[in-house]
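Going from the sequence shown to this note's numbering is simple: count from 1 and add 1.
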Amino acid sequence: MALLLLAGAVAFLLSRNTDTSGGTAAPPSSGATSSSKPKPTPSTSRSSSPPTRTATAPTTPTPPPATTAPAAASATPQELERAVRDYYALLPDDRDAGWKRLSPRYQQTTATDRETYDAFWKSVDKVSTHQVRGSAPDSVTATVRYEFTDGRRVEEVTSFTLVRDGDALLIDTSTVRSSRPA
């Protein structure tokens with residue numbers, strides 16, 4: 002009932018606001034190619050209720066697709082595993098390429114920013130992955146071993162979530178499940 006009232010109110014407002022002065026209009030949500038609609042013929046009598054429309058009800062515009070989407074439909078466990086292995090194989094030397102394999106969300110949250118990311122990887126002498134296991138649609142668990150420039154060695158079991166960006170799989174989240182000296 003509330004939806005019908007809302008649809009009627011929107012239809013009424015749209016039918017009353019047919020001139021273009023005083024504002025801009027939202028783009029049409031249909032595939033119509035006409036850029037203008039004929040103005041309704043003025044009426045000498047007005048009804049107290051909104052006009053009834055027999056055409057389709059107004060629709061909510063669909064938001065544009067995200068730049069990244071869950072890896073879901075097409076990533077196999079092997080592709081997910083390879084994406085994580087390939088990411089760590091770049092590091093610590095090729096930080097530019099590594100940074101590009103992180104989703105914007107990961108870059109802004111987990112990595113904080115590019116300066117923090119670079120500072121961390123400059124402190125790492127060597128990194129390797131072991132026991133990398135992918136699980137469709139978008140998860141990977143891996144043991145990551147870090148050898149730091151100060152001589153420390155750390156082994157972490159980490160879970161990752163990946164997203165697809167075109168043909169690439171990007172790391173979107175990571176959670177350290179356990180960490181210990183190696």
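Every residue gets a Cβ at the ideal spot worked out from N, C-alpha and C, and that includes glycine.
As the structure is a prediction and not an experimental result, all values here were calculated from the model.
Between which two residues does the beta strand (DSSP E) holding residue i run?
i, result
"D146", "Here residue 146 turns out to be Arg, not Asp, going by the sequence shown. That run of the beta strand (DSSP E) goes 140-149."
"A98", "Counting along the chain, A98 falls outside any beta strand (DSSP E), though it belongs to the alpha helix (DSSP H) covering 96-101."
"R165", "154-166"
"P182", "169-182"
State the Cα-Cα distance for the pair residue i and residue j, rounded to the nearest angstrom.
i, j, result
"G167", "K123", "30 angstroms"
"T142", "D97", "24 angstroms"
"E156", "V177", "10 angstroms"
"Y118", "R134", "25 angstroms"
"T68", "R165", "For T68, the predicted structure reports a pLDDT of 47, less than 50, and the residue's modelled location is therefore unreliable. A value from the coordinates is still provided. So the two alpha carbons sit approximately 9 angstroms from each other."
"W100", "T159", "18 angstroms"
"V125", "D95", "12 angstroms"
"T61", "R83", "Low local confidence applies: a pLDDT of 42 at T61 is under 50, so the model's placement there is unreliable, with the coordinate-based value given in what follows. Between T61 and R83, the C-alpha separation is close to 40 angstroms."
"R115", "L171", "16 angstroms"
"P105", "D173", "8 angstroms"
"F161", "A120", "22 angstroms"
"P182", "G152", "11 angstroms"
"Y88", "E80", "12 angstroms"
Could you give the DSSP three-state label for residue i: helix, strand or coil?
i, result
"L81", "helix"
"D126", "strand"
"T111", "coil"
"L91", "helix"
"A76", "coil"
In the DSSP output, what is residue i paired with across the bridge?
i, result
"R134", "T142"
So, do the stretch 143-153 and the stretch 122-135 have three or more beta carbon pairs nearer to each other than 8 angstroms?
yes
Three or more C-beta pairs under 8 angstroms: does that hold for the stretch 133-141 against the stretch 108-123?
Because the criterion of three Cβ pairs below 8 angstroms is not met, the stretch 133-141 and the stretch 108-123 do not touch.
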